[in-house]
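Undergrad: In the numbering used here, the protein residues as written are 513 to 612.
1) Classify residue 514 as buried or exposed, calling it buried when 16 or more other Cβ atoms lie within 10 Å of its own Cβ.
2) Report the partner residues of residue 595 according to the DSSP bridge assignment.
3) How is the beta strand (DSSP E) around residue 552 delimited, first residue to last?
4) Grab the span of the alpha helix (DSSP H) containing residue 563 for me, first residue to last.
5) Specify the secondary structure class of residue 603 as computed by DSSP and reduced to three states.
Structure, rendered in structure tokens:
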């Protein structure tokens with residue numbers, strides 16, 4: 513293995529320094545316009561392809577979570593925290609209960 517390849521491999525194996533973590537954070541803060549996908553995972557037990565094909569407007573699907581249970585919050589499929597549902601006026605909202 514060449515010396516340059518060894519140096520690159522060693523750098524890749526080293527943990528990120530606090531300075532580089534700050535730089536990454538600064539980089540993210542410099543792009544507040546960058547779009548992302550935020551999802552809340554809602555578990556549905558015993559759901560089949562037949563159930564999926566039978567869905568129509570107005571169908572109610574029973575979930576397997578308790579109304580006070582925390583649900584995973586993901587940004588671009590990366591788990592960032594836990595949420596719970598709340599009603600705000602006439603809208604359904606999620607409250608972040610824990611950030612990871």
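Glycine included, C-beta positions come from ideal geometry on N, C-alpha and C.
TA: For this structure:
1) One-based indexing of the chain shown puts residue 514 at position 2. Only weak support is given to the placement of residue 514: the predicted model assigns it a pLDDT of 49, under 50, and the value that follows is read from those uncertain coordinates. Per the 10 Å Cβ criterion, exposed.
2) By 1-based counting over the chain shown, the position of residue 595 is 83. According to DSSP, residue 595 bridges with 583, 608.
3) For the purposes of this step, residue 552 is taken as residue 40 along the chain shown, with counting starting at 1. 550-552 is the span of the beta strand (DSSP E), which, as asked, contains residue 552.
4) Position 51 of the chain shown, counted from the first residue, corresponds to residue 563. Run containing residue 563: 561-565, per the alpha helix (DSSP H) assignment.
5) Position 91 of the chain shown, counted from the first residue, corresponds to residue 603. DSSP places residue 603 in strand when its eight states are reduced to three.
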